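Trainee: Submitted below is the structure of interest, expressed as C-alpha cells.
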Amino acid sequence: MGSADGREGAVSTGAGPDGVGYAGVRETHSSVVFFVGDRVHKLKKPLDLGFLDNRTREARERICHREVELNRRLAPDVYLGVADVHGPDGQLCEHLVEMVRLPDDRRLAAAVRRGEDVSAVIDEVARQVAALHASSPHGPEIDRCASADFVARLWDLSLDHLGRLEVGADRAGVLARIGESVHRYLAGRTVLFDERIAAGRAVDGHGDLLADDIFCLDDGPRIIDCLEFDDELRYGDAVLDLAFLAMDLERLGAESAARRLLERYSEVSGDHPPFSLVHHYIAYRALVRAKVTALRYEQGDAAARETATGFVELLEGHLDRGRVRMVLVGGVSATGKTTLSREVGAYLGADVLRSDVVRKELVGLEPTDRTGDGTDAGLYAPAHTEATYGELLRRAGSALARGRSVVLDATWLSSGQRDAARKVADGGAVDVIEIECRADKGILLQRMASRAERGDDASDATPAVLERQLRRRDPWPEAVSIDTGVETVDAAWLETTLGPAPW
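Those letters in the sequence shown? Residues 1 to 503, by the UniProt record's numbering.
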C-alpha cells in the first residue's frame, strides 16, 4: 500500500475466489490486511506512529471512512465501504475497510518487472490523475501546502525523521548536504511556487501514487490506496502528486515510462513545469520512500536497509539533475559562442539569451539588421553596452526565479560584467558555470568573413572590432576554456562541465 504512511504492497494476494490461495494475511507497520475469497478487509493497527495516531477506536473508525471516501474518487467499484465489527457482548469494537480483491499479477509494478509494454496504461493513468486534479477543490488550506515554505517544512520533517533512524544516522553528512541543497533551491524559487499556486496548480491529489497500487485491468487501470490519514500530506502541487509514481517507475527500471507519464500528463493538463521542479519533487518522494523503508528496517526487515540506501542515492541524483544553472558562454567575436550556447541550452533545457540579439531588441531592430556602427559608437557605445548586459541579466534573473536554467551568450570580456552576473546568480541561489571560447586568430577572421557573406547572423563584429576585443579582454581564470577550432563538444564534455542533465 502507499508509502507515505509506511504501507507496503497493495491489497491483493494473486488469488481469486476459485479456492487457490483463498485466504491470506499481510501485515504492515500501520495495518493488517485479510484476504478472504474475493474480498479484502483492512484493519488499522491501534498505534501512534508519530505521523498518524490510531490508538482509539473512534480514530480508526474515522480514518476507515475517510479512506473509502477519498479512494472512491478514482476506484469507486473497488472500495465497498466500512464494515463494523461487534464483540461477543454485542458492543462495537472495531472497523474494517472492505474492498474488492484485485489480482497481484495485474499490478503495474508486476507488468513493468515482466518487461511488458505499459504505454497504454501510463497514458490512461496520466489522464485519470489529470482529471482528479482538474476536479480538485481549491482554497487557502490547499494553496498553503504548495508554498515554498510548506515544502521546506516537509523536507525538514522527513530528513529529521530519517536522521533519527539507524539508516539515516549512518549518513548524517549526506542528509545535511541534501538539506542545504533543498533549501537553496527553495529560497530562490518563491516566485515559481507563488505563480503555480495562482495558476491553480495546488490540488487535493492522491498523495501516494505507486506502481504497486495501480492495477492493469481489462477495462482500464484502477488507482487505489490514496493517502487518507493527513490531508496536508495529500494537498500540494500537482507535480508533487505525479512525482511519486515517476519516482517509483524509475526505481523499477522503467525510466522511459516515468518520462512518458510526465509528458502525457503535461499534454492532458496543460501544465508545463520547469525541469528543476519536476526533479525536486521526485527527489522529495524518494526521501519519503527512504524514510519508510528505513522504518521497516527498524521493525526487523533486514533487506529494507539496502533499499533505503538506494532511495537516498536516487534522491541525490534528482537533486543534481534539477539544479538551476546560469551558464556564461564568452569569448571574443567568432569564437563559436553561439553554437556552443545552443548545444548547452539543448542539453540543459535552458533559456538561451544572446547579447547581440538583446542589444538590437532594445532599439527595435531585427537581429540581422546591420547597424554600421563602429567600435565604441552607436549601439556599441559604452552606455548601450551597459544597458544590453543589464537587460540580459534582468531576463536571466526572471528565468532563474522561475526554476529555469539560462545560458548567456555574450563576450563577457570585462571582469566587472562577470561579477555582475555572479551577483545575479547568488541572488537567485543558483550555480554559475563559466566557459570561455577560444580559437586561432586566422580561424576567427575566416568565420567573420563567412558570416558577413551570408548576412544571416546578429553579430556586427568586424576585424577591427576583433582587434579591439583582443587588446581589451580581462583575464578569465574562473572559466573552463575550450578551443573551438580544435576541440569538439560531446555528451561527456557537457556532463563533465555542466553536471547531469535534466530529463
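No residue lacks a Cβ here, since even glycine has one placed at the ideal position from N, Cα and C. Computed from a prediction, not measured in an experiment: that's the story for all the values here.
Tell me whether the beta-carbon of residue 108 lies closer than 8 Å to the beta-carbon of residue 121.
Mentor: It is a contact, given that the beta carbons lie within the stated cut-off.
Trainee: Looking only at its own chain, which residues have a Cβ that is under 8 Å from the Cβ of residue 243, when we skip the five neighbours before and after it?
Mentor: Only 278, 281, 282, 284 and 285 meet the Cβ criterion.
Trainee: Please report the Cβ distance between residue 70 and residue 215, rounded to the nearest whole angstrom; I am assuming they are in contact, meaning their Cβ atoms lie under 8 Å.
Mentor: About 17 Å separates the two Cβ atoms, so there is no contact after all.
Trainee: Who are the near neighbours of residue 159 in its chain, counting only those whose CB is closer than 6 Å to its CB and skipping five residues on each side?
Mentor: Once the five neighbours on either side are set aside, the close Cβ partners of residue 159 are 175 and 179.
Trainee: What residues in its chain sit with their C-beta under 6 Å from that of residue 554, if we drop five residues either side in the sequence?
Mentor: The first residue shown for the chain is 1 and the last is 503, placing residue 554 beyond what the model contains.
Trainee: Does DSSP classify residue 508 as helix, strand or coil?
Mentor: No answer is possible for residue 508: the residues shown for the chain start at 1 and end at 503.
Trainee: Just confirm the distance between the C-beta atoms of residue 332 and residue 344, as a whole number of angstroms; I'd bet it's less than 8 Å.
Mentor: Not a contact, Cβ separation roughly 18 Å.
Trainee: Just the C-alpha distance for residue 5 and residue 212, rounded to the nearest angstrom, thanks.
Mentor: Below a pLDDT of 50, predicted positions are generally treated as unreliable, and residue 5, at 35, falls in that range; no measurement from the model is reported.
Trainee: Could you say if the stretch 229-237 and the stretch 199-211 meet the contact criterion of at least three C-beta pairs nearer than 8 Å?
Mentor: Touching, per the Cβ criterion.
Trainee: Which residues mark the beginning and the end of the beta strand (DSSP E) in which residue 202 is found?
Mentor: Unbroken beta strand (DSSP E) run through residue 202: 202-204.
Trainee: Kindly indicate if chain C contains any beta-carbon less than 8 Å away from that of residue 450.
Mentor: Of the protein chains in the structure, only one exists, and it is not chain C.
Trainee: In angstroms, rounded to a whole number, what distance separates the CA positions of residue 427 and residue 269?
Mentor: Each residue's alpha carbon lies about 32 Å from the other.
Trainee: Under the DSSP definition of a beta bridge, which residues are partnered with residue 433?
Mentor: Bridge partners of residue 433: 327.
Trainee: Go to residue 27, then tell me how far its beta strand (DSSP E) extends in each direction, as first and last residue.
Mentor: Residue 27 -> beta strand (DSSP E) spans 23-27.
Trainee: Pairing CB atoms from the stretch 453-467 with CB atoms from the stretch 399-407, are three or more of them under 8 Å?
Mentor: Short answer: they don't touch.
Trainee: From residue 324 to residue 440, what does the alpha carbon distance come to, in whole angstroms?
Mentor: When rounded, the distance between both Cα atoms is 33 Å.
Trainee: Kindly list the residues whose CB is nearer than 6 Å to the CB of residue 72, restricted to its own chain and excluding five residues on each side of it in sequence; keep chain order.
Mentor: Answer for residue 72: 79, listed in chain order.
Trainee: At the level of alpha carbons, what is the spacing between residue 369 and residue 382?
Mentor: Between residue 369 and residue 382, the C-alpha separation is close to 20 Å.
Trainee: Mind checking residue 198: buried by the 16 CB within 10 Å criterion, or exposed?
Mentor: With fewer than 16 Cβ atoms within 10 Å of its Cβ, residue 198 is classed as exposed.
Trainee: Please classify residue 273 as buried or exposed, where buried requires at least 16 other C-beta atoms within 10 Å of its C-beta.
Mentor: Buried: at least 16 other Cβ atoms inside 10 Å.
Trainee: How many Å lie between residue 421 and residue 173 at the Cα?
Mentor: Rounded to whole angstroms, residue 421 to residue 173 spans 31 Å at the Cα level.
Trainee: For residue 250, which of 395, 61, 448 and 112 has the nearest alpha-carbon?
Mentor: The candidate whose alpha carbon is nearest that of residue 250 is 112.
Trainee: Within the stretch 249-302, note down every full alpha helix (DSSP H) run reaching 4 residues or more, in order along the chain.
Mentor: Taking only runs of at least 4 residues, the alpha helix (DSSP H) segments lying wholly in the stretch 249-302 are 255-269 and 275-298.
Trainee: Can you confirm whether the stretch 58-68 touches the stretch 89-106 when touching is taken to mean that 3 or more C-beta pairs between the two stretches lie within less than 8 Å?
Mentor: Yes, they touch.
Trainee: Kindly confirm or deny that the stretch 488-497 and the stretch 302-313 touch, where touching means at least three C-beta pairs closer than 8 Å.
Mentor: No, they do not touch.
Trainee: Excluding sequence positions up to five away, which residues of its chain have a Cβ less than 7 Å from the Cβ of residue 143?
Mentor: Closer than 7 Å at the Cβ level, and outside the excluded window around residue 143, lie 197 and 202.
Trainee: Within 10 angstroms of its Cβ, does residue 442 collect 16 or more other Cβ (buried), or is it exposed?
Mentor: Flag for residue 442 reads exposed.
Trainee: Mind checking residue 11: buried by the 16 CB within 10 Å criterion, or exposed?
Mentor: Interpretation of residue 11 is limited by its pLDDT of 43, a score under 50 that renders its predicted location unreliable; the figure taken from the coordinates is listed afterwards. Buried, by the Cβ-count rule.
Trainee: Could you give the residue range of the beta strand (DSSP E) that holds residue 41?
Mentor: 39-44 is the span of the beta strand (DSSP E), which, as asked, contains residue 41.
Trainee: What are the boundary residues of the beta strand (DSSP E) that residue 406 is part of?
Mentor: Here the beta strand (DSSP E) through residue 406 covers 406-409.
Trainee: Cα separation between residue 451 and residue 482?
Mentor: In a straight line, the C-alpha of residue 451 is about 21 Å away from that of residue 482.
Trainee: Consider the C-beta atom of residue 66 and the heavy atoms of the ligand COA; say whether any pair is separated by less than 7 Å.
Mentor: Ligands displayed in this structure: none; no statement on the ligand COA is therefore possible.
Trainee: Use the C-beta contact count for residue 161: other C-beta atoms within 10 angstroms, 16 or more gives buried, fewer gives exposed.
Mentor: Buried, because 16 or more other Cβ atoms sit within 10 Å of the Cβ of residue 161.
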